[in-house]
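Chains as they are written, first to last, in the working numbering: chain A, 66 to 521; chain B, 66 to 521.
From the three backbone atoms N, C-alpha and C, an ideal C-beta is built for every residue, glycine too.
Remember, predicted model here, so these are calculated numbers, not experimental data.
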């Protein structure tokens, strides 16, 4: 059962009798049904009644109803209304567009708009590279989706993907100082997506592809990289790979192993899994074994698509076949980017000594983290309620900061590997429960940006 | 010869001997070659020298060179550098994207991004209209161009159009509180433009088409209006028409005529001219006579395209043919949206008593405003250095403010006419030299928005 989290945060406004026990009665009522109180504010005080806002985290809608009922069951308490704080925060969207130039006088208008702006247009027409100097292209990234794989929710379409892309844009600014703009495309045709991004590209210094379903995402990225003179980065692939490899670098330091001696099992060969494998290979691991819903990937398996065929040809030097459990026997590293609850302690017990377990399926990992911690030397998840959260926010803001600063036209594996090492090296002394820095560590994005610039 | 304007503003940093006459010597040197000094700042003071920034407006590059040479010719003056203030203002572009939500803690991230954002996505997927409530769609307009008719400069393409679209977006925010985003399309194919805008539309509450060449702009607008459930507004057409009709309303009040008694000559039948004619017709003018480079438009003229054929069929009740000069004989109103220097005093003298002359070609009007003022009762231009500047900034911010507030799905002529009357009525007592409010009049956009909402 998921822990009550801030993603489902409510504030109940209640009238209570003015008594010394009022606050206690309310928190007890919330706690009784499993809610977690996060704040309590008295908003009105009268002689015999108080109006109190009690904020709490819940697991879901059912628990919100239980909390409301539990509050109403307290004698003399009246619940005025229950607000969903996540919805409140989203009212009107999460981004604004602001002018960097003052428009106070006619002279201001004459410079920022007509007639003065004409000379800027002419300068760019004469020298197109000036667009990176004289327009927002210099610092602006398109966050592009077709809404086909929104979070773990599936194919919700363009409009419903907007809140994620807006959030991503907000993170770009917060952590990388990058101006990012949500571009939600009302088409899921590969050719139309490619052509549309190409048509839009003049206004942007980079393209961040997001939540586009595999295998479409591979072709879209590959084709755009050849068509455009700005970097194209599919965050679900490369952002994840960069952070995973950074975390792995530090996890190996903790257990005192080197990658060339390790067998790495990658479970899930979609966007993230494929990118992790492609970025692992240049670092010469002992072996990589890829596993998907049909078991271990090997060249003789029927029905491999282009992506799986490439993976089969570049992993699994022993040409083994079998199940995920088979793959784990004697393995040093498990990296799961697949589905919840695939393995348990029995499988982990068969791994090599001091195994490293990254169970990154969201929101529910491949293995219960509490179980994994009993068997593995290092455990990482995608969740914020356990140590070692693998979060793409560690990568993409700094990666694009570096790309934009370098006026980069392409992204290379060398840049991604440098970014990955930079994230790891922010942690001076990695330990079992501290292999990646906090997403709020202000050193991360500058270090990543510097690494990307240095590799460009 | 154009007047030195702030569109070409420079700042020269010069070293001068510390003397009482230094400032005077510099301003004289600038004025000697026709520059207009706008500011003088001492940035460093030493015992025997001063470093001074002298800012001035110029007519163009040649005059900048003359000003520089004139400054250098002053004894003991050294010019360190000359900066172009318009270019300085454009460095890095004119817009930023900012987050409206704080991202200080893990809880903030959990609500604005994963996992909390998932519920917002699901809500929109279940009820697409919620996108107007829970995303930036509510307040966001795409400023779309193909770069085919950038200002009066012609077909400069997508990248070179960015500074204009960024400026437009800045004006949208400054005057209408609208978040606007530049969308510069690297295609000039009508079908691709239409399809691309359709694909992008989910993220926007309205589409402002800009600087797209006629006749392509007519088909793009018409088709998008049928395809999309958000309003589509081609500013070069309707923005201009709204402001022109507002100005005309007040000009008629000044001369004491009613539109139904007037013959109106519209010179130029591109985007602006066509839209002016289409918006004039519901107000039942005495007659409209349209004129283009081939003379008066009438149904028997060979080679009329679809737009001109429509105009021919809906104007010129007398079926006259001839030149612009022929059209002006006895006309009450001249509205020029065409080309510089087409007429002079001789033609204006043939108009009806108290003629109204709107000479809106930019930057150089159809008739010299100084000449026009000798013959016409009311003169308006597109220039800021004469009274009665016809500026689209009076219309588009308020129009979209009203459309977004009303959650409008279409734009109607009734809305445009209401907006036009609202602009006029901000001027309580119109006079010969005050028929439109200042673009900085804070009453304009709210009045226009209210008029549009009221007509929706």
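Helix, strand or coil at residue i [DSSP, three-state]
i                      : result
residue 100 of chain A : coil
residue 275 of chain A : coil
residue 124 of chain A : coil
residue 354 of chain B : strand
residue 505 of chain A : coil
residue 259 of chain A : helix
residue 228 of chain A : helix
residue 183 of chain A : helix
residue 113 of chain B : coil
residue 66 of chain B  : Note that residue 66 of chain B scores 47 on pLDDT, short of 50, meaning its location in the model is unreliable; the coordinates nonetheless yield the value given after this. Coil at residue 66 of chain B, not helix or strand.
residue 148 of chain A : strand
residue 476 of chain A : coil
residue 305 of chain B : helix
residue 299 of chain A : strand
residue 80 of chain B  : strand
residue 515 of chain B : helix
With 16 other Cβ atoms within 10 Å as the buried cut-off, status of residue i
i                      : result
residue 395 of chain B : exposed
residue 151 of chain B : buried
residue 84 of chain A  : exposed
residue 521 of chain B : buried
residue 333 of chain A : buried
residue 179 of chain A : buried
residue 367 of chain A : exposed
residue 156 of chain B : exposed
residue 303 of chain A : buried
residue 192 of chain A : exposed
residue 454 of chain B : buried
residue 325 of chain A : exposed
residue 110 of chain B : exposed
residue 93 of chain B  : exposed
residue 74 of chain A  : buried
residue 221 of chain A : buried
residue 260 of chain A : buried
residue 137 of chain A : exposed
residue 133 of chain B : buried
residue 292 of chain A : exposed
residue 493 of chain B : exposed
residue 256 of chain A : exposed
residue 373 of chain A : buried
Of the listed residues the options, nearest to residue i (C-alpha basis)
i                      : options                       : result
residue 405 of chain B : B:341, B:487, B:160 and B:433 : B:433
residue 161 of chain B : A:269, A:169 and A:301        : A:269
residue 357 of chain A : A:442, A:344 and A:387        : A:387
residue 359 of chain B : B:346, B:389 and B:374        : B:389
residue 123 of chain A : A:263, A:97, A:116 and A:397  : A:97
residue 507 of chain A : A:470, A:87, A:384 and A:242  : A:242
residue 505 of chain B : B:486, B:484, B:468 and B:457 : B:457
residue 107 of chain B : B:402, B:261, B:429 and B:76  : B:76
residue 86 of chain B  : B:125, B:134, B:141 and B:100 : B:141
residue 415 of chain A : A:397, A:403, A:426 and A:431 : A:397
residue 341 of chain B : B:327, B:371, B:309 and B:350 : B:309
residue 78 of chain A  : A:117, A:450 and A:102        : A:117
residue 208 of chain A : A:512, A:369 and A:271        : A:271
residue 205 of chain A : A:449, A:245 and A:320        : A:245
residue 282 of chain B : B:233, B:518, B:337 and B:296 : B:337
residue 417 of chain A : A:425, A:466 and A:327        : A:327
residue 481 of chain B : B:345, B:173, B:452 and B:203 : B:345
residue 274 of chain A : A:412, A:253, A:365 and A:299 : A:299
For residue j and residue i, believed in contact at Cβ under 8 Å, the rounded distance
i                      : j                      : result
residue 400 of chain A : residue 329 of chain A : 6 Å
residue 421 of chain A : residue 316 of chain A : 5 Å
residue 249 of chain B : residue 219 of chain B : Wrong, their Cβ atoms sit about 15 Å apart, outside the cutoff.
residue 81 of chain A  : residue 112 of chain A : Actually they are not in contact, since the Cβ atoms of residue 81 of chain A and residue 112 of chain A sit about 13 Å apart, beyond 8 Å.
residue 496 of chain A : residue 362 of chain A : Their Cβ separation, rounded to whole angstroms, is 33 Å, which puts residue 496 of chain A and residue 362 of chain A out of contact at 8 Å.
residue 501 of chain B : residue 311 of chain B : 7 Å
Query - Runs of alpha helix (DSSP H) wholly within the region 378 to 451 of chain B (minimum 4 residues, chain order) - result: The region 378 to 451 of chain B is shown to contain whole alpha helix (DSSP H) runs of 4 or more residues at 389 to 393, 410 to 413 and 434 to 440, in chain order.
Query raised in the report: Mind pulling the alpha helix (DSSP H) runs of 4 or more residues that sit fully within the region 312 to 360 of chain A?
Result: Runs found: 336 to 345.
Query raised in the report: Taking only runs of the beta strand (DSSP E) that begin and end inside the region 173 to 220 of chain A, which ones reach a length of at least 3 residues, in chain order?
Result: Annotation note: the region 173 to 220 of chain A contains the following uninterrupted beta strand (DSSP E) runs of length 3 or greater, listed N- to C-terminal: 205 to 210.
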